[in-house]
Amino acid sequence: MLTTLKTICFLGLFALLATVWIWLYATVSWYRALIDGSLAVNRPLKKSIPPYPGDQLTNIFWFVQISDIHISKWQGSKRADDLITFCQQSLSVIKPELVIVTGDLTDAKDQYKLSSTQYRKEWEMYNNVLHQCRNVRKMRWIDLQGNHDAFDVSALSRKRDYYRLYSASGGIEKCRLSSCRFTYNTSFGVYSFNTLNAIPDPGPRRPYNFFGSFDKKGMELIKKQAEASKSDNMTIWIGHYPLSCIISPQPGIRHLIRDGIAYLCGHLHTLQDLVTKMYAVNSENQYELELGDWKDNRKYRIVAIDHDLLSFSDNQHGDWPVIIVTNPKDARFSAPVHEPSLRIMHSTHVRMLIFSTSPITNITVKIDNQKIDGKVRNVKGPLYVTKWNSARYKNGFHTITVIATDSHGRVQQVSQEFSVDGARSSLEVIPSLILLHDNNFFFRILFFVAAVVNVIPLLYFRIKSSTGSMNYRPNPLTRPFLRLAQNGRIYYSLLLQELYIVAGGPWFIGYILSDSIGFMNVYGLYVQGQFIYENLTYVHGTFQLLFFNLPVTFSIALLLDPIDVSPDGSPFNLNQGLKIVKRAFNIVLHHKLFLFIIMVGSFIWQLSNCFIFYYTYGLMALLISPVRTWSLFISVYLVKISW
């Protein structure tokens, strides 16, 4: 009697467990390989030749990164005003060589945060910030385009492309391509800052404009930029999206930029502060560093390159002092493939950058909880040094602690592990999984599983109800689904809805841009002659199948033939002690109120999606919407004839 039930359960559970197992196996295997360094074992280490870190203000510079400003005409001017204050108070103290803004300069949402377009006023506010900051200090300002800066931007007329008009970098033609290169030339070397512009062109209106992508032409340009900067002292890649949020053809974006020491980005807003330190080191021994947003959290980053050793500190606007220990650097970010890590072993001094709006009055340096013997002195500007004997720490990992106090009594403490032989300590698991796993693969598999869970049972019961399976005797649990499969009108209506989604049928036809009609399906969007790949469509496809199609199918089956789980002859073979549970289960499944709640919940969810389509993409998207609007009416009709 339980054969059919077991078969169905096996199919569903196998699909789900296989997906989870594949994803966990891939990500955990990747992470373990990163920890032991086996994925980068064949790459040569960078030579650690003189000069070595000493007691002079030489071979060092630093810059600032900001991300996700989201200047909004609807949220007041606080974000812009605070950024001007940051420039006037903080940048005048930090004195960076350049400022990098990694996207989402403006918000581009309406007052209800549902629809999106480019507002000239927001860009004028940003442009005012740009001029105010440049008046404080003459420095290079590199501002990249984020997905919000591309909402509703036409590829044909460049209409509403205010990034090109009001930003510092948008006017540079080459920087609107997939990649461009900025160089910082010093007396001690050349340092490249290569951009990754994965913004879709044209830029659809939200919500289907969250992931970035590169085509083969874009990948070729990135490859050329990587080759051009190969001989430089150091290459840093910068972009808006984390690499896990970029869709790219083989060999993949990470492979092309593998010679860079770091990739700096934003976009995820540290998952609304759920993961505040979004750092990872990938298989190429390259850092991937997502920065928290300016929008709500007023975060910024200082990156220092000291004797070609990279260190950084993520900070809150207004918190002082700020401390960056550049030698010995944090062992979590040791990158001997890209930097001369053994220079730490040959160094003569501990080196620290300490910034504050008030004079620094006291600095304490401890290694392994023992105060260091040498006296801390200020070389010049923010650089402080103290003599040390690196040979004392040649084995294993050690901890350095720096405590700084300024004249206002503000105290800051920084502790970090280090090693003098270039060994790397581990990072947290969760941030690494978020930044390093393959979103494209995962969301597609998730959608495939949802499709299997919806389609396979319908096909299975249809086969069982065919003429050749007359000897099949269903148990009370599977009988409703068999009855559904025997009703051709209902069966084909449900099956065709699900196959339509999987086959890539348009969900709606409407104004993808405010002046351009296109369509969206589960594989992406088509507008202005371009097909735009977007992983969020797989996510919404999964939700559609699991939160609407599946509950509707379940409800209609129970309406056609309610499950009978009586105390006698229960298909679950429960013992006498569980009879009360059986009776309760029987009452719930028999009661139409239970089905009514499921159906109303599903219909409300679907109705809200219809409203979002209407509000975001116009009346046409509501009326010509087979997956949202039409399926809602079809499902209501099927429920009516099943009741």
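Residue 968 in our numbering is what sits at position 430 of the sequence shown, and the numbering runs on without skipping anything.
For glycine and all other residues, C-beta sits at the position ideal for the given N, C-alpha and C.
What residue does the beta strand (DSSP E) around residue i start on, and which one ends it?
{"i": "Trp600", "result": "598-604"}
{"i": "Ser730", "result": "727-734"}
{"i": "Glu711", "result": "No beta strand (DSSP E) holds Glu711; DSSP gives it neither H nor E."}
{"i": "Thr899", "result": "898-905"}
{"i": "Gln810", "result": "Note, Gln810: premise wrong, no beta strand (DSSP E); alpha helix (DSSP H) at 807-811."}
{"i": "Met1058", "result": "1054-1059"}
{"i": "Gln683", "result": "Premise fails: Gln683 is in no beta strand (DSSP E) and is neither H nor E."}
{"i": "Met816", "result": "Premise fails: Met816 is in no beta strand (DSSP E) and is neither H nor E."}
{"i": "Ile1047", "result": "1046-1051"}
{"i": "Tyr1064", "result": "1062-1065"}
{"i": "Arg719", "result": "719-724"}
{"i": "Tyr746", "result": "Taken as a continuous stretch (DSSP letters only), Tyr746 belongs to no beta strand (DSSP E), as it is neither H nor E."}
{"i": "Pro827", "result": "Residue identity check: residue 827 is Leu in the sequence provided, not Pro. Note, Leu827: beta strand (DSSP E), 825-828."}
How far does the alpha helix (DSSP H) with residue i in it extend, from its first residue to its last?
{"i": "Val674", "result": "658-674"}
{"i": "Arg1017", "result": "1017-1024"}
{"i": "Leu1083", "result": "It is not in any alpha helix (DSSP H) - Leu1083 carries neither H nor E in the DSSP assignment."}
{"i": "Val1177", "result": "1169-1180"}
{"i": "Tyr1071", "result": "First-last for Tyr1071: 1068-1071, but that is the beta strand (DSSP E), not the alpha helix (DSSP H)."}
{"i": "Arg702", "result": "700-704"}
{"i": "Met677", "result": "Element bounds for Met677: n/a, residue is neither H nor E."}
{"i": "Leu715", "result": "Taken as a continuous stretch (DSSP letters only), Leu715 belongs to no alpha helix (DSSP H), as it is neither H nor E."}
{"i": "Ala1182", "result": "Beyond the ends of the chain as shown, which are 539 and 1181, falls residue 1182; an answer cannot be given."}
From this set, the options, which residue's C-alpha is nearest residue i's C-alpha?
{"i": "Leu1160", "options": "Tyr998, Phe1132, Trp1045, Asn820", "result": "Trp1045"}
{"i": "Leu1037", "options": "His1078, Ser1003, Val990, Pro897", "result": "Val990"}
{"i": "Gly614", "options": "Ser1093, Ile1047, Asp834, Val728", "result": "Asp834"}
{"i": "Ile604", "options": "Ala646, Asn732, Ile680, Thr724", "result": "Ile680"}
{"i": "Ser1054", "options": "His807, Cys803, Asp739", "result": "Asp739"}
{"i": "Met883", "options": "Ala693, Thr1167, Val602, Ser586", "result": "Ser586"}
{"i": "Gly750", "options": "Gln951, Phe689, Phe720", "result": "Phe689"}
{"i": "Ile785", "options": "Leu1020, Pro589, Asp976", "result": "Asp976"}
{"i": "Tyr729", "options": "Ile774, Leu794, Gly1043", "result": "Ile774"}
{"i": "Ser725", "options": "Asp852, Phe1134, Pro589", "result": "Pro589"}
{"i": "Trp1143", "options": "Gln1082, Leu1098, Gly960", "result": "Gln1082"}
{"i": "Ala693", "options": "Glu662, Ile737, Val940, Ile840", "result": "Ile737"}
{"i": "Ser1093", "options": "Ser1052, Lys1002, Arg1027, Pro1018", "result": "Pro1018"}
{"i": "Lys837", "options": "Asp852, Gly790, Ile1001", "result": "Asp852"}
{"i": "Leu759", "options": "Ser896, Cys713, Phe956", "result": "Cys713"}
{"i": "Leu643", "options": "Gly592, Tyr650, Asp606, Asp593", "result": "Asp606"}
{"i": "Arg930", "options": "Ser879, Phe731, Gln908", "result": "Gln908"}
{"i": "Arg796", "options": "Cys803, Glu765, His807", "result": "Glu765"}
{"i": "Leu636", "options": "Gln950, Met677, Arg617", "result": "Met677"}
Take residue i and list the residues in its own chain whose beta-carbon comes closer than 7 Å to its own, dropping the five residues that flank it on each side.
{"i": "Ala818", "result": "Glu826, Leu965, Pro969, Ser970, Leu973, Leu974"}
{"i": "Asn1111", "result": "Caution applies to Asn1111, whose pLDDT of 48 falls short of 50 and renders its modelled position unreliable; the model cannot decide the point."}
{"i": "Arg881", "result": "Ser586, Tyr590, Pro591, His845, Leu847"}
{"i": "Lys913", "result": "Thr924"}
Keeping to the same chain, check which residues put their C-beta closer than 8 Å to that of residue i; ignore five residues upstream and five downstream.
{"i": "Gln1114", "result": "Confidence at Gln1114 is low in this model, with a pLDDT of 47, below 50, so the placement of that residue should be treated as unreliable; the coordinate-derived value is given next. Around Gln1114: no qualifying Cβ."}
{"i": "Val674", "result": "Cys625, Gln626, Leu629, Ser630"}
{"i": "Ile799", "result": "Met772, Thr773, Ile774, Gln824, Tyr825, Leu848, Ala873, His876, Glu877"}
{"i": "Pro1089", "result": "Ile1136, Met1137, Gly1139, Ser1140"}
{"i": "Thr899", "result": "Thr943, Asp944, Ser945"}
{"i": "Leu1063", "result": "Pro742, Tyr746, Ile1050, Gly1056, Phe1057, Phe1069, Ile1070, Glu1072, Thr1075"}
{"i": "Leu1170", "result": "Phe1141, Gln1144, Leu1145, Cys1148"}
Looking only at its chain, what residues have a beta carbon closer than 6 Å to the beta carbon of residue i, apart from the 5 residues adjacent to it on each side?
{"i": "Lys708", "result": "The amino acid at residue 708 is misidentified as Lys; the sequence shows Gly. The answer, listed in chain order, is Tyr701, Arg702."}
{"i": "Leu540", "result": "Confidence is the limiting factor: at Leu540 the pLDDT is only 39, short of 50, which leaves the residue's position unreliable, though a coordinate-based value still follows. Nothing listed; no residue qualifies."}
{"i": "Lys647", "result": "Ser654"}
{"i": "Gly727", "result": "Asn771"}
{"i": "Asn665", "result": "Tyr704"}
{"i": "Ser576", "result": "Model confidence at Ser576 stands at a pLDDT of 48, short of 50, so the residue's coordinates are unreliable; what they give is reported in the following sentence. So the list is empty, once near-sequence residues are dropped."}
{"i": "Glu660", "result": "Ile609, Lys611, Thr644"}
{"i": "Lys761", "result": "Leu794"}
{"i": "Thr1091", "result": "Leu1032"}
Report, in whole angstroms, the separation of the C-beta atoms of residue i and residue j, which I expect to be a contact under 8 Å.
{"i": "Ile1136", "j": "Gly1079", "result": "Ile1136 to Gly1079, Cβ: 21 Å. No contact."}
{"i": "Ser924", "j": "His876", "result": "It should be pointed out that residue 924 corresponds to Thr in this sequence rather than to Ser. No, Thr924 and His876 are not in contact; Cβ-Cβ is about 27 Å, not under 8 Å."}
{"i": "Arg870", "j": "Arg792", "result": "No, Arg870 and Arg792 are not in contact; Cβ-Cβ is about 19 Å, not under 8 Å."}
{"i": "Met890", "j": "Ile861", "result": "6 Å"}
{"i": "Leu682", "j": "Thr640", "result": "5 Å"}
{"i": "Ser1180", "j": "Leu1098", "result": "5 Å"}
{"i": "Leu1022", "j": "Ile1028", "result": "6 Å"}
{"i": "Ile941", "j": "Pro866", "result": "That belief does not hold up - the Cβ atoms of Ile941 and Pro866 are roughly 17 Å apart, past 8 Å."}
{"i": "Ala842", "j": "Trp1168", "result": "At roughly 58 Å, the Cβ-Cβ gap does not stay under 8 Å, so Ala842 and Trp1168 are not in contact."}
Could you check if residue i belongs to the surroundings of the ligand SAH, using beta carbon to heavy atom distance under 7 Å?
{"i": "Val602", "result": "Of ligands this structure carries none, so the ligand SAH is not represented either."}
### Task
Could you name each continuous beta strand (DSSP E) segment of 3 residues or more that falls completely within the stretch 584-653, going from the start of the chain to the end?
List check, beta strand (DSSP E) in window: 598-604, 636-640.
### Query
Which runs of the alpha helix (DSSP H) spanning at least 4 residues fall entirely within the stretch 845-894, listed in chain order?
Taken in chain order, the whole alpha helix (DSSP H) runs of length 4 or more contained in the stretch 845-894 are 881-884.
### Message
Quick check for students: name the residue ranges of the alpha helix (DSSP H) that lie wholly in the stretch 907-985, counting only runs of 4 or more.
### Response
Residue ranges of uninterrupted alpha helix (DSSP H) with 4 or more members, entirely inside the stretch 907-985 and ordered along the chain, are 967-974.
### Task
Please specify which runs of the beta strand (DSSP E), each continuous and at least 3 residues long, are wholly inside the stretch 749-815, giving them in chain order.
If we require 3 residues or more, the beta strand (DSSP E) runs fully inside the stretch 749-815 come out as 772-777, 800-803.
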